[in-house]
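Visitor: Questions regarding the structure given below will be posed in turn.
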Amino acid sequence: PLKSYIQDLISSRSFADRGLFNVPAAKIAFDEFCQGKYSNSFFVWQWINTEEWFRNFIDNPSADQFQ
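Residue numbers (our numbering): 89 to 155.
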């Protein structure tokens, strides 16, 4: 389930539109990670947390409660 979640996240319009990560490179790196070519999941963790942080605190209108 996490594999499809992460694939959806890094393929999302919001992930690409932020301009924070090189999306084609992220997709290749994630595919290689899934194939076992890399054992370090830190970069995957960074993508998930960065995108979810933006979705929850920047994109979400209810985040105005923190201002």
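The beta-carbon is built from N, C-alpha and C at its ideal position, and this holds for glycine as well.
1) Considering only the beta carbon of each residue, do I94 and F118 sit closer than 8 Å?
2) Specify the secondary structure class of P89 as computed by DSSP and reduced to three states.
3) Could you check what DSSP says for K125 in three-state terms: helix, strand or coil?
4) When the cut-off is 8 Å and only beta carbons count, does S127 lie next to chain D?
5) Taking the continuous alpha helix (DSSP H) assigned at N110, which residues delimit it?
6) When you compare the CB positions of L97 and I136, do they come within less than 8 Å of one another, or not?
Guide: Put simply:
1) In this structure, I94 places its C-beta atom within 8 Å of the C-beta atom of F118.
2) coil
3) In the three-state DSSP reduction, K125 falls in the coil class, being neither helix nor strand.
4) Protein chains in the displayed structure number just one, and chain D is not present.
5) Premise fails: N110 is in no alpha helix (DSSP H) and is neither H nor E.
6) yes
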